[in-house]
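Taking it in order: structure first as structure tokens, then the write-up.
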Amino acid sequence: MKDHTQTRLEFTWLFLATPKHLPHVAPVVLRTNAATEEEARAEFSGWNMVFAAKIRSQMRCHITFFNDENRTGLTLEVEAVEGGFHA
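As numbered in this note's numbering, residues 32 to 118 make up the sequence shown, in order.
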């Protein structure tokens with residue numbers, strides 16, 4: 032049986048935010064990596080935040096090489112994992 036390490040799926044979370052003690056200043060963008068929105072918000076307890084985006088941090092990447100001379104191609108599919116890429 033092939034060994035498999037389960038990785039926790041994380042996302043990059045973006046929020047527009049203002050410090051709670053300065054509510055009338057222009058908002059800034061806060062960015063963090065977390066599995067859930069609750070975890071992401073917990074990292075910024077001193078901020079008033081509005082959700083802006085959820086971006087998948089770990090995703091598959093398809094790379095295709097094609098040789099016009101002999102009409103051959105090669106496609107690689109890799110998945111980003113912590114510490115590098117896994118093909």
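Built from N, CA and C at the ideal position, the CB exists for glycine as well.
Reference residue i; option with closest CA among the options
i, options, result
"N79", "L53, W44, N64", "L53"
"R72", "F42, T103, L107", "F42"
"L45", "V56, K51, N64", "N64"
"Q77", "E100, N101, L61", "The question names Gln, but residue 77 is Gly in the sequence shown. Cα-wise, what sits closest to G77 is L61."
Counterpart residues of residue i in DSSP-defined beta bridges
i, result
"K85", "W44"
"F97", "G104"
"R72", "Note: R72 sits in no beta bridge, so no partner."
"A65", "F42"
"P50", "W78"
"V59", "A48"
Own chain residues within Cβ distance below 8 Å of residue i, not counting five before or after
i, result
"V56", "T49, P50"
"P58", "L47, A48, T49, V81"
Residue j beta carbon less than 8 Å from that of residue i
i, j, result
"I86", "L107", "no"
"F82", "E69", "no"
Close beta carbons around residue i, own chain, < 7 Å, minus the five adjacent residues each side
i, result
"F97", "G104"
"K33", "Low per-residue confidence applies at K33: pLDDT is 49, beneath 50, and the placement is therefore not dependable, though the value from the model is reported in the following sentence. Closer than 7 Å at Cβ, skipping near neighbours: no residue."
Beta-carbon separation (whole angstroms), residue i vs residue j, contact threshold 8 Å
i, j, result
"A66", "L47", "That pair is no contact at about 21 Å."
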